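The structure under discussion appears below in the form of structure tokens.
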Amino acid sequence: MQEKNNNLTQEILKKVKQHKKYKSIADEIVVEEINKYLKSNPSEKINKEMIKSIRKQLHRLYSSYQTGKKTKREKYLEELKTNKNNQELLNNLLSITISTKERLNQYPELYKQIFKITGKPKTIVDLGSGLNPLSYPLMKIKTLNYYAYDIDEEDMKFLNKYFKIMKQQGLNGKAEIINLRKLENNSKLKNLPESDIILLLKVIDLIDEKKKNISEELIKQLIKKTKYIVASFATKTLTRKPMKLPRRQGFEKMLERNNLKAQTIKTDNEIFYMISESL
Ligand SMILES: C[S@@+](CC[C@H](N)C(=O)[O-])C[C@H]1O[C@@H](n2cnc3c(N)ncnc32)[C@H](O)[C@@H]1O
Numbered sequence: 007m008q009e010k011n012n013n014l015t016q017e018i019l020k021k022v023k024q025h026k027k028y029k030s031i032a033d034e035i036v037v038e039e040i041n042k043y044l045k046s047n048p049s050e051k052i053n054k055e056m057i058k059s060i061r062k063q064l065h066r067l068y069s070s071y072q073t074g075k076k077t078k079r080e081k082y083l084e085e086l087k088t089n090k091n092n093q094e095l096l097n098n099l100l101s102i103t104i105s106t107k108e109r110l111n112q113y114p115e116l117y118k119q120i121f122k123i124t125g126k127p128k129t130i131v132d133l134g135s136g137l138n139p140l141s142y143p144l145m146k147i148k149t150l151n152y153y154a155y156d157i158d159e160e161d162m163k164f165l166n167k168y169f170k171i172m173k174q175q176g177l178n179g180k181a182e183i184i185n186l187r188k189l190e191n192n193s194k195l196k197n198l199p200e201s202d203i204i205l206l207l208k209v210i211d212l213i214d215e216k217k218k219n220i221s222e223e224l225i226k227q228l229i230k231k232t233k234y235i236v237a238s239f240a241t242k243t244l245t246r247k248p249m250k251l252p253r254r255q256g257f258e259k260m261l262e263r264n265n266l267k268a269q270t271i272k273t274d275n276e277i278f279y280m281i282s283e284s285l
């Protein structure tokens, strides 16, 4: 039975990844969604409905934040090699994903405000980073160690190429795959480098599930390895409608329960919590 299941999982994995939108998402994440689907819809055979439903979940976790500009990104990196201070190129790079595009004009002031509270960091760990590391030039920091983690292999390769090019500009970076939902036996999470700031931007809503408050356990583990966690939530949906508040109220209660204090910054479409341990 176990072997049968493994074969089925592999078959589904292959089928799901045939679509280019999902092809470079780490296998572990796809398998997690397959197992969740099979748990509530037991089946011995692959079917269309199943593939559609699993892809829909992956879309929610990853693909919905991409724009059509992804195909141009290698060209932008080539340009960056010879043209590191070009504003238009920076705008193009930041326009590849939706959250970085939304923050385009906000980044300079946003980083100023964040660092006013946290101090200028020497080391940042960015979890569920997407392409946020591309905003480095807007941090106005001369040298920075930047560790980025997310679930898409191609994105992590892209970031590693970016870090190589930006080394001359004082950015020492490394990008790797992580699954933030896996709290046990997760060597990446256990061995995260010590840092001044851990970023969890617009990712908490994606790792929590209805009956599992994964982010509480995650934040309890992370705060031991950093001075500040900077977590953000969207205040508008992808279609720009206002979001419901109860989740964030739950988040604030969770911080209180764990003796964590937080200061907030709001922009048009996002709220940021600068979280530290209460003295
Ligand atoms: C809304 S995007 C935010 C990206 C980036 N933090 C930003 O704000 O610009 C959410 C990110 O979380 C990542 N993500 C989703 N599930 C994850 C998981 N289980 N582990 C790590 N990252 C995850 C997605 O791949 C995506 O890049």
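Mapping of the sequence shown onto the numbering used here: residues 7 to 285, in sequence order.
Even for Gly, the Cβ is constructed at its ideal location relative to N, Cα and C.
Computed from a predicted model, the values in this text were never measured in an experiment.
Between K242 and M249, the gap from beta carbon to beta carbon is short of 9 Å. Per DSSP, the continuous beta strand (DSSP E) segment holding I130 begins and ends at 129 to 133. When secondary structure is reduced to three states using DSSP, P248 falls in the strand class. Annotated three-state conformation of L205 is strand, per DSSP. Rounded to whole angstroms, the gap between the alpha carbons of E222 and T88 is 44 Å. In the DSSP annotation of this structure, L189 is not part of any beta strand (DSSP E), being labelled neither H nor E. Rounded to whole angstroms, L244 and D156 show a C-alpha spacing of 20 Å. By a beta-carbon distance limit of 8 Å, Y142 contacts L177. Their separation comes to about 5 Å. In this structure, the alpha-carbon of Q93 lies about 24 Å from that of P127. By the neighbour-count definition (other C-beta atoms within 10 Å, threshold 16), K78 is an exposed residue.
In terms of Cβ geometry, I184 and I225 do not form a close pair [threshold 9 Å]. Between the alpha carbons of L165 and D158 lies a gap of roughly 11 Å.
According to the DSSP assignment, T88 belongs to the alpha helix (DSSP H) that extends over 79 to 88. Proximity of the beta carbon of V37 to ligand 1 is not indicated: no heavy atom of the ligand is located closer than 8 Å. DSSP, read as helix, strand or coil, puts L137 in coil. 9 Å or more divides the Cβ of I104 from the Cβ of Y82.
Put simply, of N138, K230, Y28 the residue whose alpha carbon is nearest the alpha carbon of K196 is K230. D156: member of the beta strand (DSSP E) spanning 150 to 156, first to last residue. Taking the CA atoms as reference points, D202 sits about 43 Å from E17. If you look at N178, you'll find it in the beta strand (DSSP E) that goes 177 to 183. Between L64 and I31 the beta-carbon gap is near 6 Å, inside 8 Å, which marks them as a contact. For T124, the uninterrupted alpha helix (DSSP H) run begins and ends at 113 to 124, by DSSP. Short note on D274: C-beta not closer than 8 Å to any heavy atom of ligand 1. Judged by DSSP secondary structure, I213 falls outside any beta strand (DSSP E) and instead within the alpha helix (DSSP H) spanning 210 to 213. In the structure shown, Y28 adopts coil according to DSSP, grouped into three states.
Relative to ligand 1, the beta carbon of R109 is positioned inside 8 Å of a heavy atom.
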